[in-house]
Amino acid sequence: PSFPYSSNSPNSLSPLLFLLHSFLRICSIPTGRPIRMGNACGRGKRPAASRDTSARDNEPRVAVNENESDRDEKPAVTPSPKASMKRSSTPPTGAMVTSRTRASTAKRPSTNRSPNASRARDREKEREREKAKEREREKEEEEDDPIQKFITYALNKGVSGLRAEFEELRLKTIPTKEQCSVFHMVANAQKNRYKDVPCSDDSRVILKELSMGTDYIHGNFCGTPKNPKRFICTQGPLPTTIVDFWSMVWQEGSEFIVMLCNFNEMSKVKCAQYFPPTQKETFVAGNAVITCESVAQQKWPGQITIRRFTLDRIDVNQKRTITHLHWESWPDRGVPPIDATIQKLLQMVCRSSKPAVVHCSAGIGRTGTTVGIQIVTELMDSGKSMETGLGPFLIKMRKQRAGSVQNDQQYVFIHRLLLERYMSEEEKENPKFVKFAKDYDSFMV
């Protein structure tokens with residue numbers, strides 16, 4: 139049977155429970171707080187909200203051994219004051235403050251941040267943001283770098299891809315007969331070294347002094363980004379065009395002549411003897427008298443013969459100095475070694491703002507390759523995009539000088555030489571470059 143009881147008055151408890159409660163009080167067993175006995179169902183009951191706690195608040199607070207308290211306390215569904223103290227750093231009013239409570243409160247770290255620590259964290263975050271911005275800028279610069287774009291394009295294409303690309307470009311750039319009408323004129327037939335190497339009308343050099351009743355010479359202006367008339371690409375002079383050749387040099391004010399062939403190659407005549415080869419020797423071509431003032435050998439590392447000429451026009455009584463650079467070791471329809479020879483030769487020639495006359499035999503293979511390297515170099519130095527490779531450059535160059543860069547070997551050579559020039563030693567460890575260089579060597583054998 140259940141017995142009614144009041145949580146505030148132990149006298150209303152059942153006799154047995156009353157005796158137990160009295161026994162515990164007589165034995166002076168500390169409980170830390172009034173013992174709450176459960177009802178018949180074993181559930182605890184909170185004190186009424188209107189309970190007077192003033193008497194208890196005035197009682198001295200006694201520290202309690204936690205283990206003993208736990209033994210006496212029955213489990214309850216509602217949270218005890220001890221549980222409340224665990225959730226809050228401040229004990230509730232009237233709650234017992236134990237030594238453990240004070241210790242846990244003292245050890246709890248402060249949630250207030252130090253101003254100096256906060257500023258340090260802000261500075262660190264700002265540095266991280268700046269580093270991220272710098273990495274982003276470097277990435278954008280790399281993406282916009284024409285040299286890097288060229289390197290990426292060439293390595294991705296590879297040797298076989300560039301060879302196929304050249305063949306496509308060659309077929310797209312074959313000039314029509316109408317585009318080379320002066321070349322096809324009967325009166326000019328004897329001025330052409332090769333019948334299958336046309337001369338474009340739009341960019342041809344027009345002689346002011348007529349020769350054999352015509353102003354024609356097989357030569358074209360080839361411009362670069364820095365100079366629209368940087369070069370004159372022409373064929374090796376014929377015996378019948380030597381006078382025209384020196385007339386063109388005088389007319390255009392040229393200060394450099396670059397010869398990339400020999401007079402005879404593989405038992406074939408490739409160029410007429412149009413200058414005096416030895417020092418103090420004189421050569422006459424119409425009104426022009428050419429005197430060789432000096433002969434020197436230069437290794438860059440390819441061997442170049444450098445001659446200084448005095449060009450004397452006896453009809454106008456004027457003289458000029460001409461520098462003649464003769465590179466004898468470049469094979470016809472082939473390529474030279476990968477070294478700095480072309481670069482140093484071009485650096486010397488481009489010191490002049492006047493058109494430099496460049497020729498081999500036909501004036502398109504070795505000549506076009508040399509001139510093409512300078513054009514591409516200036517394009518990349520000027521920031522011109524190279525993400526589509528050298529195709530657009532070759533198309534434009536062939537419009538100026540038909541047939542420039544004669545074969546796929548020379549086209550791949552331009553890429554290989556520029557990769558060698560612009561890539562660092564660390565970049566050359568890239569597996570793609572290693573493969574490109576290996577394939578290039580196999581292709582050129």
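All residue numbers for the sequence shown refer to this note's numbering, where the first residue is 139 and numbers rise by one.
The beta carbon of each residue, even a glycine, is placed where N, CA and C say it ideally should be.
Q: Count the C-beta pairs between the segment 474–483 and the segment 434–442 that are closer than 8 Å, then say yes if the count reaches three, no if not.
A: yes
Q) Taking Met582 as the reference, which of Arg471, Thr479, Pro530 and Thr311 has the closest Cα? A) What you label residue 582 is simply residue 444 of the sequence shown in a count that begins at 1. Nearest C-alpha to Met582: Arg471.
**Q.** Through-space distance from His464 to Cys409, alpha-carbon basis
**A.** As a position in the sequence shown, residue 409 is number 271, starting the count at 1. As a position in the sequence shown, residue 464 is number 326, starting the count at 1. Using only the alpha carbons, I get a separation of about 12 Å.
Q | Asn400 in three-state terms, based on DSSP | A | On the sequence shown, position 262 is the one that residue 400 refers to. DSSP places Asn400 in coil when its eight states are reduced to three.
**Q.** Cα-Cα separation, Phe551 to Leu532
**A.** As a first step, residue 551 is located in the sequence shown; it is residue number 413 there, counting from the start. As a first step, residue 532 is located in the sequence shown; it is residue number 394 there, counting from the start. Using only the alpha carbons, I get a separation of about 14 Å.
Q: Evaluate contact between the segment 538–550 and the segment 360–380, counting only Cβ atoms and requiring at least three cross-stretch pairs below 8 Å.
A: yes
Q | Nearest neighbour of Gly527, chosen from Lys269, Ser256 and Leu293 [CA to CA] | A | Here residue 527 is taken as the residue at index 389 of the sequence shown, counted from 1. Nearest C-alpha to Gly527: Leu293.
Q: Spell out the partners DSSP gives Phe383 in its beta bridges.
A: Start at 1 with the first residue of the sequence shown, and residue 383 comes out as number 245. Looking at the DSSP assignment, Phe383 forms no beta bridge with any residue, so it has no partner.
**Q.** beta strand (DSSP E) runs contained entirely in the segment 260–320, provided each spans 3 or more residues
**A.** none
Q: Have a look at Asp519 and Arg458 and give me their C-alpha separation to the nearest angstrom.
A: Translated into positions along the sequence shown, residue 519 becomes position 381. Translated into positions along the sequence shown, residue 458 becomes position 320. Going from the Cα of Asp519 to the Cα of Arg458 covers about 32 Å.
Q) Are the beta-carbon atoms of Pro415 and Val396 separated by less than 9 Å? A) Indexing the sequence shown from 1 puts residue 415 at position 277. Indexing the sequence shown from 1 puts residue 396 at position 258. No; because the gap between Cβ atoms is not below 9 Å, this pair is not in contact.
Q) Hey, Cys488 and Gln456: beta-carbon distance below 9 Å or not? A) If you number the sequence shown from 1, residue 488 lands on position 350. If you number the sequence shown from 1, residue 456 lands on position 318. Between Cys488 and Gln456, the CB-CB gap reaches or exceeds 9 Å.
Q) What residue does the beta strand (DSSP E) around Asp353 start on, and which one ends it? A) Stepping through the sequence shown from its first residue, residue 353 is reached at position 215. Thr352 to Thr362 is the extent of the beta strand (DSSP E) around Asp353.
**Q.** Spatial neighbours of Ile289 in its chain, beta-carbon cut-off 7 Å, leaving aside the 5 residues before and after
**A.** On the sequence shown, position 151 is the one that residue 289 refers to. If we look at Ile289 and ignore the five residues flanking it on each side, its Cβ neighbours are Leu557, Tyr560 and Met561.
Q: Could you tell me the distance, in whole angstroms, from the CA atom of Thr378 to the CA atom of Arg301?
A: The residue you call residue 378 lines up with position 240 of the sequence shown. The residue you call residue 301 lines up with position 163 of the sequence shown. Spanning the two alpha carbons is a distance of roughly 37 Å.
Q: Pick out whichever of His553, Gly424 and Lys492 has its Cα sitting closest to the Cα of Tyr578.
A: On the sequence shown, position 440 is the one that residue 578 refers to. Taking only the C-alpha atoms, the option nearest Tyr578 is His553.
Q: Specify, as a first and last residue, the run of the alpha helix (DSSP H) that Val366 falls within.
A: Here residue 366 refers to the residue found at position 228 of the sequence shown. Sequence inspection shows Pro at residue 366; the Val mentioned does not correspond to that position. Not the alpha helix (DSSP H): Pro366 falls in the beta strand (DSSP E), residues Asn365 to Thr372.
(Q) DSSP three-state label for Glu431, please. (A) As a first step, residue 431 must be located in the sequence shown, where it is residue number 293. The three-state secondary structure of Glu431, taken from DSSP, is strand.
Q: Consult DSSP for Ser349 and reduce its assignment to one of helix, strand or coil.
A: Residue mapping note: residue 349 aligns to position 211 of the sequence shown, counting from 1. Note: Ser349 maps to strand in three-state DSSP.
Q) Thinking just about the alpha-carbon of each residue, which of Leu555, Val387, Val324 and Thr314 is nearest to the one in Gly351? A) Walking along the sequence shown from the start, residue 351 turns up at place 213. Cα-wise, what sits closest to Gly351 is Val324.
Q | Selected residue, minimal CA-CA separation from Glu390, among Val427, Ile344 and Gly424 | A | As a first step, residue 390 must be located in the sequence shown, where it is residue number 252. Closest option to Glu390, Cα to Cα, is Ile344.
Q. Of the choices Lys566, Glu268, Pro493 and Gln548, whose alpha-carbon is the least far from that of Ser98?
A. Residue 98 lies beyond the range of the chain shown here (139 to 583); nothing can be said about it.
Q: Counting only runs of 3+ residues fully inside the segment 410–482, write out the beta strand (DSSP E) ranges in chain order.
A: 420–423, 426–437, 441–451 and 456–465
**Q.** Whole-Å CB distance - Gln411 paired with Gly501, under 8 Å assumed
**A.** In the sequence shown, counting from the first residue as 1, residue 411 sits at position 273. In the sequence shown, counting from the first residue as 1, residue 501 sits at position 363. That pair is no contact at about 17 Å.
**Q.** Ile428 and Trp384 closer than 9 Å at C-beta
**A.** Here residue 428 is taken as the residue at index 290 of the sequence shown, counted from 1. Here residue 384 is taken as the residue at index 246 of the sequence shown, counted from 1. Cβ distance < 9 Å, so Ile428 and Trp384 count as in contact.
Q. Just curious, the alpha helix (DSSP H) that Ala575 is in, first and last residue?
A. Here residue 575 refers to the residue found at position 437 when the sequence shown is read from its first residue. That run of the alpha helix (DSSP H) goes Pro569 to Met582.
Q. Buried or exposed: where does Lys406 fall if 16 or more other Cβ atoms within 10 Å of its Cβ makes it buried?
A. Within the sequence shown, residue 406 is the residue found at index 268, counting from 1. When all chains shown are included, Lys406 counts as exposed.
Q: Alpha carbon to alpha carbon, how far is Glu567 from Thr314? Give it in angstroms, no decimals.
A: Taking the first residue of the sequence shown as 1, we reach residue 314 at position 176. Taking the first residue of the sequence shown as 1, we reach residue 567 at position 429. Going from the Cα of Thr314 to the Cα of Glu567 covers about 45 Å.
**Q.** For Thr461 and Val454, the rounded distance between their alpha carbons
**A.** If you number the sequence shown from 1, residue 454 lands on position 316. If you number the sequence shown from 1, residue 461 lands on position 323. For Val454 and Thr461, the distance between alpha carbons rounds to 21 Å.
Q: Could you please give me the residues that DSSP links to Lys406 through a beta bridge?
A: What you label residue 406 is simply residue 268 of the sequence shown in a count that begins at 1. Its beta-bridge partners are Glu403.
Q. Distance, Cα to Cα, Asn400 vs Asn365?
A. Within the sequence shown, numbered from 1, the residue matching residue 400 stands at position 262. Within the sequence shown, numbered from 1, the residue matching residue 365 stands at position 227. Cα-Cα distance, rounded: 29 Å.
(Q) Applying the 10 Å Cβ sphere with the 16-neighbour rule, what's the burial state of Gln538? (A) Position 400 of the sequence shown holds residue 538. Buried is the call here.
Q: Identify which residue in Glu563, Tyr549 and Ile355 has its Cα closest to the Cα of Val297.
A: Reading the sequence shown from its first residue, position 159 is the one you call residue 297. For Val297, the closest alpha carbon among the candidates Glu563, Tyr549 and Ile355 is that of Tyr549.
Q | Opposing strand residues paired with Ile395 [DSSP bridges] | A | Residue 395 sits at position 257 when you count from the first residue of the sequence shown. In DSSP, Ile395 forms a bridge with His462 and Val495.
**Q.** Beta-carbon contacts of Cys498 that lie in its chain and below 6 Å, excluding the five residues immediately before and after
**A.** One-based indexing of the sequence shown puts residue 498 at position 360. So the list reads Leu398, Cys399, Arg504 and Thr505, once near-sequence residues are dropped.
Q) Who are the near neighbours of Ala258 in its chain, counting only those whose CB is closer than 7 Å to its CB and skipping five residues on each side? A) The residue given as residue 258 occupies position 120 in the sequence shown. Answer for Ala258: no residue qualifies.
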